[in-house]
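Student: Sharing a structure below in structure tokens format, with a few things to ask.
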Amino acid sequence: MERTVILNPSEVATLDKQDPSTASGGGFQRLLVKLQRQLDRTTGELKLDDGDQRRIPSYAFDYGQGGWEDRRVRIFGRTLGPTLGRQAPHVATSDQPTTGYP
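In structure tokens:
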């Protein structure tokens, strides 16, 4: 499901630090350039599709710490929260049926 966030000027400036010519680089560079293109620069509105919502926390937390990961937290920490929208894995309790493998 699409999600819309409103970035403030500081968050937009952080997003804009990514050089658009790096769109053919690694996944995180490509994602930042894609998000730059999706941003409504008049309102700060940014529509995030399902893929964007999966990639933002993944690139921030699953590949080690560094400038790229920190940049994502600076851009999205306020609007998506400290986990950048990532939900905790579902854990079945004794009163909930489990599905899949026994």
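Positions in the sequence shown are counted from 1; adding 1371 to them yields our numbering. For every residue, glycine included, the Cβ atom is placed at its ideal position computed from N, Cα and C.
Who are the Cβ neighbours of Q1467 in its own chain at under 6 Å, not counting the five residues just before and after it?
Tutor: Residue confidence for Q1467 is low, a pLDDT of 46 falling below 50, so the modelled location carries little weight; the figure read from the coordinates is stated next. Within the same chain, Q1467 has no close Cβ partners at all.
Student: Between which two residues does the alpha helix (DSSP H) carrying R1412 extend?
Tutor: Membership of R1412 in any alpha helix (DSSP H) is not indicated, and neither H nor E is assigned to it by DSSP.
Student: Let me know the secondary structure DSSP gives E1373 once reduced to three states.
Tutor: coil
Student: Look at the alpha carbon of F1399 and the alpha carbon of T1413, and state the distance between them as a whole number of angstroms.
Tutor: Distance between the alpha carbons of F1399 and T1413 is about 25 Å.
Student: Using CA coordinates, which residue listed in D1421, L1417 and R1401 is at the minimum distance from I1446?
Tutor: Comparing alpha-carbon positions, the option among D1421, L1417 and R1401 lying closest to I1446 turns out to be L1417.
Student: What is the residue span of the beta strand (DSSP E) that L1419 lies within?
Tutor: E1416 to L1419
Student: Can you tell me the Cα-Cα spacing of P1453 and R1443, whole angstroms?
Tutor: 11 Å
Student: Given a threshold of 16 other Cβ atoms within 10 Å of its Cβ, counted over all protein chains shown, does Q1409 qualify as buried or as exposed?
Tutor: Q1409 is exposed by the Cβ-count criterion.
Student: If you run the structure through DSSP and keep just helix, strand and coil, what is P1380?
Tutor: P1380: helix per DSSP, three-state reduction.
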